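Below is one structure, written out as structure tokens; comments come after it.
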Amino acid sequence: MKDYKLFFFDLDGTLVNGNALFPLANEVIEYLRKHNKRVFFLTNHPSRPREELGERLKKMGLEVGVNELITPTLAIKRYFSDRPSGSSVYVVGSELIKEEIKKMGIHVLNHSRETAMGEVFVVLGMSPNLNYEHLQEGFFLLQKGARLILLNPDICCPTESGMYLDTGAIARVYTSAAPRNHIKPEVLGKPSIWMQQVLLDFAGVDRPRAVMVGDSITSDIAIGQAVGMDTILLLSGVSKEEDLMTIRQRPTHVYSTLNEFYQKIKELAYV
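Shown next, in the form of structure tokens:
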């Protein structure tokens, strides 16, 4: 690990536990920066734009620059930059994400009865303000042929109170309610090809010396392996030790907690 130059950290379940940092999270990041490592933060959390997420982390005690944050909104830009202009989007989720999409110049629908422009997409992302009306309006559009986009595929999100239902779980309301329509969601968050492209943009020529650190085998470890990076799994969130028995390609390193990872990099002078 002493040769790693870039560290990409997942947030929820890795550095962040609900509304607080895990013990030693700030110390780990400061230690890496002190030893001239570049640090970036990837999240599948779809309800906050980068500026607000950065402020939230600062209040927790973690100094993060906006340009160090990699979120699903960057994957949205990637996705729609490859599509013909003139699409329409209905957002089932955060109002802040809706505003971010408007800033991209994409037409945002306020309800299913509004006249749409071009191809129609329903963008789903977990949000505390999500309600039945939002879900139903999205479902009306899906019945008319709109395409479903998930800002992340995660079933659960770890917090200090327990697991929260995440976007992947909510999406099953749509996919199970309309099996005849064969709704097949496209995923933009980790480990999708769209987020892979964003990750590669940040890694640049230093990709061989980059490592992905996270708590989810199917999200964090998967995206790291997909782009050819080494990976570090922390068993502090979604994935547990028994899950390692079910996968073909193990992470490069596995640690029980962030504390154990921190002690190792200091003890063995890895960085």
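Taking my numbering as reference, the numbering of the sequence shown is continuous, increasing by one, and the terminal residue is 634. Using N, Cα and C, we set each Cβ at its ideal position, and we do this for glycine too. A quick note: this is a predicted structure, and the numbers were derived from the prediction, not measured.
*Do you know how far the Cα of Ser619 is from the Cα of Pro386?*
Taking the first residue of the sequence shown as 1, we reach residue 386 at position 23. Taking the first residue of the sequence shown as 1, we reach residue 619 at position 256. The straight-line gap from Cα to Cα measures roughly 13 angstroms.
_For Ser450, the three-state DSSP class (helix, strand or coil)_ = Residue 450 sits at position 87 when you count from the first residue of the sequence shown. Coil.
*Along the chain, where does the alpha helix (DSSP H) that runs through Ile518 open and close?*
Numbered from 1 along the sequence shown, position 155 holds the residue referred to as residue 518. Segment: none, Ile518 is in no alpha helix (DSSP H) and carries neither H nor E.
*For Val486 and chain D, any beta-carbon pair shorter than 8 angstroms?*
Among the chains of the structure shown, chain D does not appear; only one protein chain is present.
*Tell me whether Asn380 sits in a helix, a strand or coil according to DSSP, three-state version.*
The residue labelled residue 380 in the question sits at position 17 within the sequence shown. Of the three classes helix, strand and coil, the one that applies to Asn380 here is strand, per DSSP.
*List the DSSP bridge partners of Arg510.*
Counting from one through the sequence shown, the residue named residue 510 turns up at place 147. Looking at the DSSP assignment, Arg510 forms a beta bridge with Phe484.
*Can the beta-carbon of Ser602 be found less than 8 angstroms from the beta-carbon of Ile580?*
As a working mapping, residue 602 is identified with position 239 in the sequence shown. As a working mapping, residue 580 is identified with position 217 in the sequence shown. Yes, these two residues count as a Cβ contact at 8 angstroms.
*Leu405 - partner residues in DSSP beta bridges*: The residue given as residue 405 occupies position 42 in the sequence shown. Answer is Asp373, Ile433, bridged to Leu405.
*Where Pro614 and Glu496 are concerned, what is the direct C-alpha to C-alpha distance, given to the nearest angstrom?*
For the purposes of this step, residue 614 is taken as the residue at position 251 of the sequence shown. For the purposes of this step, residue 496 is taken as the residue at position 133 of the sequence shown. Spanning the two alpha carbons is a distance of roughly 41 angstroms.
*Please report how far the alpha carbon of Met423 lies from the alpha carbon of Ala383, in whole angstroms.*
Sequence index remark: in the sequence shown, residue 423 carries index 60 (1-based). Sequence index remark: in the sequence shown, residue 383 carries index 20 (1-based). Each residue's Cα considered, the two are about 6 angstroms apart.
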